[in-house]
Structure formats: C-alpha cells, structure tokens
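Colleague: Take this structure first; my questions come after.
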Amino acid sequence: MESTKRDRDRDRDRQLTMRRPRILHYVAITAVSLLALAGLLVLVFWLVVRPSLLRCSVDKAHLQGFNITNNALSATFNLTLDLHNPNRKVVAHYDRVEVAVWYDGQMLALNEVAPFYQPRRDVRMLKVDLLARSMPLLSSVATSLKQDRSAGEAAVEVRMRAMVRFKVGLLKTDHYTLRAYCSPVLVRFSSPATQFQKVYCDVYI
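Numbering (UniProt numbering), first residue to last: 1 to 205.
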C-alpha cells in the first residue's frame with residue numbers, strides 16, 4: 001500500500017512538474033501577443049492621426065521699470081508668446097501654464113497663465129507680464145544686469161511649463177508635461193528702435 005501511495009505521489013509530482021513549463025509557455029505567449037497588439041494599435045493610431053509636436057515662439061519681449069538696489073531686482077517683463085497646434089485631428093487642453101524668465105542660471109520672474117483650450121490647426125497668442133519685486137540676486141547676476149542696462153538690452157531665457165491633455169475624437173489622454181525653452185531672447189530696457197527678432201523655442205513633452 002505504501003509503495004502504491006508513493007508511486008501515486010511521484011506521478012502527481014511528475015505531472016505538476018510537466019505542467020509548470022507549459023503554463024509559463026502560455027503566459028509568455030500571451031504577454032508577447034498583448035505587447036504586439038498594443039504596438040499595432042499605437043502604429044494604427046499614429047498612421048491615422050499623424051500627430052505633430054506643439055510649437056512655441058517668443059514674438060515680443062520688453063522690459064519696464066528696471067531697478068536694482070542692494071542686489072534686489074524690480075522690473076516687469078512684457079512677453080508675447082505664440083503657441084501653434086499644427087495638428088488636424090488633435091485638440092490641446094492647457095490646464096496649467098507657467099512662464100518664467102531666467103538669466104545666467106537664476107530665475108528673475110514667474111507668472112501663471114489661465115487655463116485655455118486650443119483647437120486643431122490653431123495659433124494662440126499669449127501676452128504675459130512677469131513681475132519681479134525686490135527679487136534677491138546673486139552679486140554676479142546683479143553686476144551683469146547692470147552692465148546690460150548700460151548696453152541697452154539683456155539676453156534672457158524664457159521658459160514655459162504646462163500640463164497638457166490631448167483629445168482625438170472621443171479619446172482623451174492623461175496629463176503630459178510640456179516644457180519649452182526659448183533662448184536667447186533679447187529684451188530691451190527702452191522702447192525698441194529696431195524690430196524684435198522672433199525666437200523659436202525647443203519644445204519637449
């Protein structure tokens with residue numbers, strides 16, 4: 001009896017051992033099939049929608065009320081940005097937008113833009129005033145800005161950060177972080193005598 005029981009246990013163990021590779025094989029095949037299906041869906045979506053990256057540029061930049069006292073900056077940066085959605089089937093929802101001015105590695109001013117919706121093949125103009133009120137500066141930054149004041153203009157970097165959702169038909173995506181870097185942007189300390197040169201931004205999502 002004991003011998004028969006041991007034989008049965010061995011047979012059962014042998015069957016379980018044989019089943020495990022089969023189960024793993026089926027799991028692997030299923031996983032590969034799902035990945036292939038997901039890749040195919042992404043390819044079909046891209047072929048149908050043909051999405052293009054959003055574009056951004058700085059069209060105007062001006063500086064007012066510039067003053068540095070005890071290495072603290074007070075000024076107003078007047079910026080005009082153009083946001084271009086070149087897509088024919090993709091709508092963009094900007095739920096949170098921040099625009100900042102940087103100089104020599106230090107942020108000088110920051111402001112938020114109200115959320116907005118951008119339809120297909122649309123160009124949206126954003127006029128943003130960024131205020132610096134007694135903004136503490138590094139001594140090297142203060143010195144460089146004073147020198148630029150004497151020269152009449154300063155080369156700054158404009159950065160934009162936005163939380164964006166996209167919509168294609170009834171399909172809506174989660175939020176994506178859009179970052180735009182625009183440099184060098186020449187801001188003048190007085191009314192510009194020459195036309196401002198548009199600066200195209202590097203956009204990342």
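Glycine included, every Cβ here is placed at the ideal spot set by N, Cα and C. Small disclaimer: the values here were computed from a predicted structure and weren't measured.
DSSP three-state label for Ser-52, please.
Modeller: Here the question's residue 52 lines up with position 52 in the sequence shown. In this structure, Ser-52 counts as coil in the three-state DSSP scheme.
Colleague: Of the choices Ser-183, Val-203, Arg-55, Tyr-200, whose alpha-carbon is the least far from that of Arg-124?
Modeller: Against the sequence shown, residue 124 aligns to sequence position 124. It is Arg-55 whose Cα lies nearest to the Cα of Arg-124.
Colleague: In chain order, what residues of the same chain have a beta carbon less than 6 Å from the beta carbon of His-84, not counting five sequence neighbours either side?
Modeller: To locate residue 84, count along the sequence shown from 1; it is residue 84. For His-84, where only same-chain residues beyond five positions count, the Cβ hits under 6 Å are Arg-55, Val-123.
Colleague: Per DSSP, what kind of secondary structure is Leu-145 in: helix, strand or coil?
Modeller: Taking the sequence shown and counting its residues from 1, the one referred to as residue 145 is at position 145. Of the three classes helix, strand and coil, the one that applies to Leu-145 here is helix, per DSSP.
Colleague: In or out: Tyr-103 buried (at least 16 other Cβ within 10 Å) or exposed?
Modeller: Position 103 of the sequence shown holds residue 103. Burial call: buried.
Colleague: Give the DSSP-derived three-state secondary structure of Val-90 in the structure shown.
Modeller: The residue given as residue 90 occupies position 90 in the sequence shown. Coil at Val-90, not helix or strand.
Colleague: Please classify Thr-173: does DSSP put it in a helix, a strand, or coil?
Modeller: What you label residue 173 is simply residue 173 of the sequence shown in a count that begins at 1. Three-state DSSP puts Thr-173 in coil, outside helix and strand.
Colleague: Determine the direct distance from the alpha carbon of Gln-147 to that of Glu-153, and round the result to whole angstroms.
Modeller: Working through the sequence shown from its first residue, we reach residue 153 at position 153. Working through the sequence shown from its first residue, we reach residue 147 at position 147. Glu-153 and Gln-147: Cα-Cα distance of roughly 9 Å.
Colleague: Pick helix, strand or coil for Ser-190, following the three-state DSSP scheme.
Modeller: As a first step, residue 190 must be located in the sequence shown, where it is residue number 190. Note: Ser-190 maps to coil in three-state DSSP.
Colleague: Would you identify the three-state DSSP class for Ala-31, choosing helix, strand or coil?
Modeller: On the sequence shown, position 31 is the one that residue 31 refers to. Correct three-state label for Ala-31: helix.
Colleague: May I ask you to report which of helix, strand or coil DSSP gives Ala-114?
Modeller: Here residue 114 refers to the residue found at position 114 when the sequence shown is read from its first residue. Correct three-state label for Ala-114: coil.
Colleague: For residue 209, I'd like the list of residues in its chain whose CB is within less than 6 Å of its CB, leaving aside the five on either flank, ordered along the chain.
Modeller: Residue 209 is absent from the structure shown; the chain starts at 1 and stops at 205.
Colleague: Could you say if the stretch 157-166 and the stretch 176-184 meet the contact criterion of at least three C-beta pairs nearer than 8 Å?
Modeller: The stretch 157-166 is in contact with the stretch 176-184.
Colleague: Please state whether the Cβ-Cβ distance between Ala-151 and Ala-75 is less than 7 Å.
Modeller: To locate residue 151, count along the sequence shown from 1; it is residue 151. To locate residue 75, count along the sequence shown from 1; it is residue 75. The answer is no: Cβ separation not under 7 Å.
Colleague: Would a C-beta distance cut-off of 7 Å place Val-101 and Leu-137 closer than the cut-off?
Modeller: Working through the sequence shown from its first residue, we reach residue 101 at position 101. Working through the sequence shown from its first residue, we reach residue 137 at position 137. The answer is no: Cβ separation not under 7 Å.
Colleague: Can you round the beta-carbon distance between Ser-57 and Cys-201 to whole angstroms, since I take them to be within the 8 Å contact cut?
Modeller: Here residue 57 refers to the residue found at position 57 of the sequence shown. Here residue 201 refers to the residue found at position 201 of the sequence shown. Confirmed, about 6 Å.
Colleague: Roughly how many angstroms lie between the CA atoms of Gln-106 and Ala-142, to the nearest whole one?
Modeller: Within the sequence shown, residue 106 is the residue found at index 106, counting from 1. Within the sequence shown, residue 142 is the residue found at index 142, counting from 1. Whole-angstrom Cα-Cα distance: 11 Å.
Colleague: Where do the N-terminal and C-terminal ends of the beta strand (DSSP E) with Arg-120 fall, by residue?
Modeller: Taking the sequence shown and counting its residues from 1, one reaches residue 120 at position 120. Unbroken run through Arg-120: none, as it is neither H nor E.
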